[in-house]
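In what follows, a structure is listed as structure tokens, so that the remarks can point back to it.
Numbering (the working numbering), first residue to last: 33 to 161.
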């Protein structure tokens, strides 16, 4: 029976249900839900909060209080880092960049980098699994 594309749409409902169940199990945000990146709570440690976990990628929120630093390290795969709030000095490839809200960096695999929060800051890091 031709339902004018509804069979295709109903298939997405099963996919969305699976994504919602996965998010419940991992404590992450379900597909289609709004995420408030400014909701920093009382986290004063540079510990990432996993927002989204899917097969191809992870999205994490990182809260840094002024003066907190993350020493030089590297990621095994490509990453993007976005500043949502505050001001962070981000050092990589021999340069220090001042990241402010609305700025973003891309880093290739194995690139050393470090962060130093000048102000209370919120960063979003996206990386593949």
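Quick reminder that beta carbons are idealized off the backbone N, C-alpha and C, glycines included.
| query | result |
| --- | --- |
| Outcome for residue 53 when other beta-carbon atoms lying within 10 angstroms are tallied against a minimum of 16 | Interpretation of residue 53 is limited by its pLDDT of 49, a score under 50 that renders its predicted location unreliable; no figure is taken from the coordinates. |
| Spatial neighbours of residue 175 in its chain, beta-carbon cut-off 7 angstroms, leaving aside the 5 residues before and after | Residue coverage of the chain in this structure runs from 33 to 161, which leaves residue 175 outside it and unanswerable. |
| Beta-carbon gap between residue 60 and residue 94 smaller than 8 angstroms | no |
| Contacting residues, own chain, Cβ-Cβ under 8 angstroms from residue 136 (five flanking each side not counted) | 112, 113, 114, 115 |
| Three-state secondary structure assigned by DSSP to residue 102 | strand |
| Through-space distance from residue 62 to residue 146, alpha-carbon basis | 30 angstroms |
| Length of the line joining the Cα atoms of residue 92 and residue 65 | 15 angstroms |
| First through last residue of the beta strand (DSSP E) which encompasses residue 149 | 145 to 149 |
| Opposing strand residues paired with residue 117 [DSSP bridges] | 154 |
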